[in-house]
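Residue numbers (the numbering used here): 5 to 135.
A virtual CB, placed ideally from N, CA and C, is assigned to each residue, including glycine.
The model shown is predicted, which means the values in this text are computed figures rather than measured ones.
Worksheet: the structure to be examined is printed underneath.
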Amino acid sequence: MPDREVDVQAAPGMGPINLTEASDRVPWSEVDKALRVSARSGNAVLEIRGLGYTEQGHANDGLSDTAYVIVAGFGVLRCEEAPLEFTTGDVLFVPRGCPHRLERLDGEIRLWKISLAPASSIDEQPDRQGT
């Protein structure tokens, strides 16, 4: 399966990446494990990854500023239990310090998660998989 995995550490001189094209080579149910781009700049870490969800939803610890680009699906984001519905084409922003949860309301949810966190919060986490 190595030809289906894309794990990129951004580096100076690196060219652009079409993440949509890269994700087309992987079943969306596997994209969160197979496609991730990260870049460290000074004291911050930028991470972009594709996420797909099943029944259990998705929880985020709130340690990063996070934007979600909704590719497909309909759901609700809960931050301190305040609901914010979203659908295909929406772009959501959740500031650092707001732990939140995404829940599927109908069909499959496909989205891009773009997060920016202080490097110290990333370094302290043994495994940030799934957040």
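(message) Measuring only the C-alpha atoms, how far is Arg40 from Ile21?
(response) 11 Å
(request) Report, in whole angstroms, the separation of the C-beta atoms of Arg53 and Gly79, which I expect to be a contact under 8 Å. (result) That pair is no contact at about 17 Å.
(message) Buried or exposed, going by whether 16 or more other CB atoms sit within 10 Å of the CB of Arg29?
(response) exposed
(request) Starting from the N-terminal side, write out each stretch of the beta strand (DSSP E) that is 3 residues or longer and does not extend beyond the stretch 42 to 97. (result) 48 to 57, 62 to 64, 69 to 83 and 86 to 91
(message) Given this structure, state the Cα-to-Cα distance separating Arg114 from Gly46, to the nearest angstrom.
(response) 31 Å
(message) Leu50 and Leu120 - do their beta-carbons sit closer together than 8 Å?
(response) yes
(message) Among the candidates Cys102, Tyr72 and Arg100, whose CA atom is the shortest distance from the CA of Thr91?
(response) Tyr72
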